[in-house]
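Trainee:
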Amino acid sequence: MKMTKLFPRTRYGEVGATTAAHALLLKAGFIKQLAVGSYILLPLGFRVWQNVQRIVWDEMEEKGVQNLQVPIMQPKELWVKSGRWQKYQDAKTMFQTTERHSGAVFGLAPTAEEPLTWLAGESQLSHKDLPLSWHQIGWKFRDEKRPRHGLLRCREFDMSDGYSFDKDEVGMRTSFEMFREIYRCIFHKVGLRDCIYVQADSGAIGGKGSAEFMALSDEGGEDTLLTCSDCSYGANVDKAGSIVPEATRPADTSVALHLEYTPTARTVEELTGLFPGVDATRMVKTIIFTVDGELGEEKWYQVAVCIRGDLEVNEVKLLNALGAQSVSPAEPSVVRAVTGADVGFAGPIGLENVREILFDRSVEGLSNFLCGGNKSGYHYLDVVPGRDFTAPSRFYDLHRAVSGHTCPECKCSLLRESRGIEVGHIFMLQTGYSLSMGAMYRGEDGQAHPLWMGCYGIGTTRLVQAIAEQNRDEKGLIWPESVAPYLVEIVPLKYDDTHQQPLADALYAGLKARGTSVLLDDRAVSAGVKFKDADLIGCPWRVTIGRRAPESIVELWNRRTGEMVEMTIQEVLKKV
RNA sequence: CGGGGCGUAGUGUAACGGUAGCAUUCAUGCUUUGGGAGCAUGCGGUCCGAGUUCAAAUCUCGGCGCCCCGACCA
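Residue numbers (the working numbering): 319 to 894.
#1: Is residue 493 closer than 7 Å to residue 478 when the C-beta atoms are compared?
#2: Could you have a look at residue 634 and say whether DSSP puts it in helix, strand or coil?
#3: Given that a residue counts as buried once 16 or more other Cβ atoms are within 10 Å of its Cβ, and exposed if not, what is residue 648?
#4: Alpha carbon to alpha carbon, how far is residue 653 from residue 430?
#5: What do you reckon, are the CB atoms on residue 664 and residue 585 nearer than 7 Å?
#6: Going by DSSP, which residues form a beta bridge with residue 350?
#7: Return the CA-CA distance between residue 784 and residue 660, expressed in angstroms with no decimal places.
#8: Between 418, 363, 468 and 668, which lies nearest to residue 353 when the distance is taken from Cα to Cα?
#9: I need the boundaries of the alpha helix (DSSP H) containing residue 435, first residue and last residue.
#10: Can you find the residues in the same chain that come closer than 7 Å, C-beta to C-beta, to residue 351, ignoring five residues on each side of it along the sequence?
#11: Looking at the secondary structure, which residues open and close the beta strand (DSSP E) in which residue 530 lies?
#12: Which partner residues of residue 377 appear in the DSSP bridge assignment?
#13: Under 7 Å between the Cβ atoms of residue 533 and residue 741?
#14: Can you pull the DSSP bridge partners for residue 844?
#15: Considering only residues of the same chain and omitting the five flanking positions on each side of residue 857, which have a CB-CB separation below 8 Å?
#16: Is it true that the region 401-410 meets the region 725-737, where meeting means three or more beta-carbon pairs spaced less than 8 Å apart?
#17: Alpha carbon to alpha carbon, how far is residue 607 from residue 590? Give it in angstroms, no decimals.
#18: What distance in whole Å lies between the Cβ atoms of residue 529 and residue 515, which are believed to be in contact at a cut-off of 8 Å?
#19: Measure the C-alpha to C-alpha separation of residue 753 and residue 400 and round it to an integer number of angstroms.
#20: Have a look at 461, 508 and 766 and flag the residue whose alpha-carbon is nearest the alpha-carbon of residue 366.
#21: Quick check: what's the CA-CA separation for residue 628 versus residue 415?
#22: Do residue 839 and residue 809 have their C-beta atoms within less than 7 Å of each other?
#23: In the DSSP assignment, the beta strand (DSSP E) including residue 402 goes from what residue to what residue?
#24: To the nearest angstrom, how far is the alpha carbon of residue 667 from that of residue 691?
#25: Taking buried to mean at least 16 other C-beta atoms within 10 Å of its own C-beta, is residue 332 buried or exposed?
#26: Compare the beta carbon distance of residue 746 and residue 525 with 7 Å and say whether it is the shorter of the two.
#27: For residue 444, write down the residues that DSSP places opposite it in a beta bridge.
#28: Please specify which runs of the alpha helix (DSSP H), each continuous and at least 4 residues long, are wholly inside the region 520-602, giving them in chain order.
#29: For the region 370-380 against the region 811-824, do three or more pairs of beta-carbon atoms, one drawn from each stretch, fall closer than 8 Å, so that the two count as touching?
#30: Is it the case that the Cβ atoms of residue 787 and residue 489 are separated by a distance below 7 Å?
#31: Check whether the Cβ atoms of residue 631 and residue 623 sit closer than 7 Å, and answer yes or no.
#32: Using the three-state DSSP reduction, which class does residue 655 fall into: helix, strand or coil?
#33: Within 10 angstroms of the Cβ of residue 325, are there 16 or more other Cβ atoms? Answer buried if so, exposed if not.
#34: Considering only the alpha carbon of each residue, which of 789, 886 and 688 lies closest to residue 828?
#35: By alpha-carbon positions, which one of 360, 458 and 443 ends up nearest to residue 427?
#36: Where do the ends of the beta strand (DSSP E) carrying residue 497 lie?
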């Protein structure tokens, strides 16, 4: 490609972007926003994306996963059958369209479990056909409430999605591990420099075991991860367990329950100011949540969560514990109606107007603690479970793990938090989809058995920006060779110079003949402009043709290391 | 979907209710060419609709668009 023909030009001024890579992709002309959450992949961005896709297709093919392609428009009936239609309607996640003549309704693919489970079910599979795994790359549509950060969260995005079918749980786990390994290879090959594997929550996809691949990035990372500083434990904060610091012990456990007048203290922080002898680990927060428990019609109810004062509630864990559709902290008016007190004074003693009080594990064994009095302006002190209110029969893991808690795996080292971009997510689906959709295989015993499934996703457009996030400097992008839009950029400083042009053209032709992707800056602009643009676009190698052109000497420059070596174009052809 | 903010030229910005200006990009010409060069000339704009007013970029209402915080996710 010649720079005079390359669309578009790079941009000079500021661009409205939220992350460094997003800004660079805009400035260098890789992407252009068309509407909220939808981007045009411009020629340079398109090439990177294609390179990523090619690596994914090839890796799948090589590991025995069969590539295919599924329609974007998926019949509503399939989704009704799996039970996800209503779920996605309620969450307002799925775009849909209607066929105008027949009135048939279609959902625009947010994933493709339904058509592929259908295909598996239609195929009269025998145990001899298993394990079986399929993969496609295609556009996905999700009506994201707030698209942002360029390619990182779009309403329309490209995703690689794989599906595995096995005859039993052991097989499913084997397939899961196979995809995990494929993913590890893919993320390595595309040039992610810092990609970790963490346990995750399954969300709307369902199933039991799920794990994510996270490209670490402080700036672009939307997810918070907790990793052990010692062992291999890592988890999304939604999922992460942790061992919380020990509570301080009360001086005297025989003290009777008493009510304290605390009109100015609603939060844990304010209470620690008021009662210096009682730290946050000896307080119990009671938070009222409004829960939507049903699919379809909204059926709201309230629950209370009691948790130690130094901890926060993890709403994803709460959602899973309740098996509900959504939870959110109750409105102040609801809190007043339920507790009879203003926000900040709820407690487990005499709290009756909630469907359930859930106790976090952190409260287990806690005694002589402080909690709200369910009366505006009052807190109880020296509360003893069993004595002052019915002792909980069950404790849940509902707290949010944070940096400094102890690792739940090795139980000795501390967890630390980091930020990551979710580039891949793999799920063990069990038999949920195959049972609801009737996808069975014929076993050795001659009977029909449900297929054990797994599904696996990589955000390929997202991955383009994740790679950029991890491969850049203050001057611009630094593409890994495997995905670079062009491997080499030739920069003749004066293209119309009688020595430079023949060298530039010969090298250009030589590289092209060899099948190496190459960009030639044939513009009549100053050297500074060419260097700035080359740095910005970020091809891994730059060949500068300048003052030593009369001797047929050019410079080979490495964008990442900044290393420069003078050589002939024949030597360049050998080196890159 | 809840909360907040902003819409002036391709981009970034300025203008008390009274002449829409500046920078940059772009086009043309000349001089330049080892790190976003200089001069000259030129093109190009108040998101849409209604209202208030002698007069609206400016005030009011509605719409649309975009951005930010939250929940949801590849």
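C-beta: ideal position from N, C-alpha, C; glycine also.
Mentor: Taking the definition as stated:
#1: no
#2: helix
#3: Classification of residue 648: buried, given that the 10 Å Cβ count is 16 or more.
#4: 41 Å
#5: Not in contact: residue 664 and residue 585 (Cβ atoms no closer than 7 Å).
#6: Looking at the DSSP assignment, residue 350 forms a beta bridge with 358.
#7: Between the alpha carbons of residue 784 and residue 660 lies a gap of roughly 45 Å.
#8: 468
#9: Run containing residue 435: 431-440, per the alpha helix (DSSP H) assignment.
#10: 357
#11: 528-534
#12: Under DSSP, residue 377 takes part in no beta bridge, so it has no partner.
#13: yes
#14: DSSP lists no partner for residue 844.
#15: 797, 802, 803, 804, 805, 806, 807, 837 and 877
#16: no
#17: The C-alpha of residue 607 is placed about 24 Å away from the C-alpha of residue 590.
#18: 6 Å
#19: 9 Å
#20: 508
#21: 48 Å
#22: Contact: yes.
#23: It is not in any beta strand (DSSP E) - residue 402 instead sits in the alpha helix (DSSP H) that spans 402-408.
#24: Take the alpha-carbon of residue 667 and the one of residue 691: they are about 7 Å apart.
#25: exposed
#26: yes
#27: 760
#28: 586-592
#29: Cβ pair count under 8 Å is below three, so no.
#30: The Cβ atoms of residue 787 and residue 489 do not sit closer than 7 Å to each other.
#31: Going by C-beta atoms, residue 631 is nearer than 7 Å to residue 623.
#32: Annotated three-state conformation of residue 655 is helix, per DSSP.
#33: Residue 325 is exposed by the Cβ-count criterion.
#34: Minimum Cα-Cα distance from residue 828 among the listed residues 789, 886 and 688 corresponds to 886.
#35: 458
#36: Note, residue 497: premise wrong, no beta strand (DSSP E); alpha helix (DSSP H) at 487-507.
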